[in-house]
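All remarks here apply to the structure that follows.
Numbering (the numbering used here), first residue to last: 181 to 730.
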């Protein structure tokens, strides 16, 4: 085993000025911004479990599992040795251990089983911690969480709920009725349409009667199927009455394999521990979910929940990148002093710290807005889209800056930073890329004025706390009032909304040093185009100490 001593004498030189291992920390207890947000947003009752998960996620074993699951990606096993089609995906044992960790801690179920307010906040906080160890397993975990409201609305499918909400992970490729727990995936987009779901061509034919809860056979393809080894999927297909939503299990009711043909696995930039596939349906058995012709509104219930996952996953990635940068610079010396004491490095680290805290605060505030039974209150419908867009636009540049804090060592695959960097763009694409999300924000504001009113009620709660924020909100109202070219300006509008929400949270709840630096830089115009351009009078000591958990 390699020595854990950061100073070792080798045959030709002494290994010195290297940081100790990062592992061995509690990712929850050392994250003051997260802990405060958990209590503020109503999930303080989950403190013990969050601390337990934080201990495991920051431990050597789980961090190693994340590395292994990415270095040994899943493999498609289309046929067994006898030539029979099985369409299975094989994962490294590390992936299964991470899934057991996630399911055992109820990341997928706590929002629905807590029986008290704050369930979605606990779900978001747990997912945020898991993302720091390995974000790939969040895909099936978040989708399994997100399918619950849809299943509850279709009586014929409620039998799935006990297995979906189970705290036992069961990876076996057997009928769900034989398993201790089940996971769900999603398959919506097709080659010819992508985000334009109206172009979907997969067809559905009724077996014995049409409509919600009835059986169908599907034929067609899906260009992206997330987590293809899930036990069942929500998907879209054209029925006689239009685009409809269906549940497709991997096994048919008679115990035979459902024709769920995995054509190939996607060779992705990142997210390598998780499988994404191209699939085909060929007389594939399915059950209609929701009204015929109302497929998009039905599956959007699931998408609304998974969009929350894209916010806290981005915030978690940013926090881990920041923690890695702080750890490295706190132990490495350059030009006569620790890097963390170098003035320009302090500006970079403090800038990253306030960005991370703002992301954490926003993602957990959005989580609190979600309804306990899966309903989508007005504020959540708008705020989750705003948060998804902005946090995922910030994430790649954030991780890149944290990587640079390590110098060349951060660019080497032995470091976790390259994996974080590859992961960083994913959630900006999943569940609607940037343009789709911004247009969705415009549609929500046009069709649901109560959502816009709820958002400005949130901003009004901070009125008078900071003059820069007050001016920003006033300009924001002017942007909305000017309808000319609004679609072209959609990104600018959503960016303004996100910054206003983050600032309103920080001025009400964060220490003065954090809130003042955020407002001065993000709202006051005293900021450059890159991280590390905070005003000279920023309280760097207080911001960095807080990010370190001191």
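Just so it is clear, CB atoms sit at the ideal spot from N, CA and C, and this is done for glycine as well.
All values derive from a computational prediction rather than experimental measurement.
Per DSSP, the continuous alpha helix (DSSP H) segment holding residue 250 begins and ends at 240-251. Going by beta carbons, residue 501 and residue 600 fall inside the 8 Å limit. Residues 509, 510, 511, 512 of the same chain have their beta carbon placed closer than 8 Å to that of residue 518, with the five preceding and five following residues left out of the count. Using a 10 angstroms sphere on the CB of residue 433, the tally of other CB atoms stays under 16, which defines it as exposed. For residue 607, same chain residues with a beta-carbon under 6 Å away, outside a window of 5 residues either side, are 490, 493, 494, 572 in chain order. When the five nearest sequence neighbours on each side are left out, the beta carbons in the same chain lying within less than 7 Å of the beta carbon of residue 471 are those of 392, in order along the chain.
For residue 416, the uninterrupted beta strand (DSSP E) segment begins and ends at 412-419. Comparing alpha carbon positions, the residue from 527, 341, 382, 209 closest to residue 305 is 209.
Scanning its chain for C-beta atoms nearer than 6 Å, with the 5 sequence neighbours on each side dropped, one finds around residue 701 the residues 707, 714, in chain order. Separation of residue 632 and residue 675 (C-alpha to C-alpha, rounded to the nearest whole angstrom) is 15 Å. Sequence-distant partners of residue 728 (beyond 5 residues in either direction) whose C-beta falls short of 8 Å from its own C-beta, in its chain, are 210, 506, 510.
With 16 or more other CB atoms across the displayed protein chains lying within 10 angstroms of its CB, residue 400 is buried. The criterion of a C-beta distance shorter than 8 Å is not satisfied by residue 698 and residue 530. If you ignore the 5 residues before and after residue 333, its C-beta comes within less than 6 Å of no other C-beta in its own chain.
Between residue 309 and residue 318, the C-beta spacing is not below 8 Å. In this chain, the beta strand (DSSP E) harbouring residue 459 covers 456-469. Excluding the 5 residues flanking it on each side, residue 296 has same chain C-beta neighbours closer than 8 Å at 225, in chain order. In this structure, the straight-line span from the alpha carbon of residue 461 to that of residue 280 is close to 30 Å. For residue 275, same chain residues with a beta-carbon under 6 Å away, outside a window of 5 residues either side, are 249, 453 in chain order. The Cβ atoms of residue 423 and residue 497 do not sit closer than 8 Å to each other. The stretch 333-352 and the stretch 441-453 do not touch, with fewer than three beta-carbon pairs separated by less than 8 Å.
A residue is called buried when at least 16 other Cβ atoms come within 10 angstroms of its Cβ; residue 198 does not meet this threshold and is exposed. For the 8 Å CB-CB criterion, residue 681 and residue 563 form a contact.
For the pair residue 467 and residue 367, the Cα-to-Cα distance works out to about 15 Å. Residue 535 places its beta carbon 8 Å or farther from that of residue 474. DSSP, reduced to helix, strand and coil, places residue 396 within a strand of the structure shown.
CA-to-CA, the gap between residue 483 and residue 551 works out to about 14 Å. Here DSSP, grouped into helix, strand and coil, assigns residue 405 to strand.
Annotation note: the stretch 204-237 contains the following uninterrupted alpha helix (DSSP H) runs of length 4 or greater, listed N- to C-terminal: 212-220, 227-237. Assigned with DSSP and collapsed to three states, residue 365 falls in strand. Within the model, the alpha-carbon separation for residue 372 versus residue 418 is close to 14 Å.
Within the stretch 320-396, the beta strand (DSSP E) runs of at least 3 residues that lie entirely inside it are, in chain order, 364-367, 383-386.
Comparing alpha-carbon positions, the option among 244, 216, 213, 227 lying closest to residue 203 turns out to be 244.
Taking one beta carbon from each stretch, the stretch 405-421 and the stretch 321-332 have 3 or more pairs nearer than 8 Å; the two touch. With contacts defined by Cβ atoms closer than 8 Å, residue 595 and residue 641 do not form a contacting pair. By the criterion of a C-beta distance shorter than 7 Å, residue 693 is surrounded in its chain by 719, 722, 723, once the five residues flanking it on both sides are discounted.
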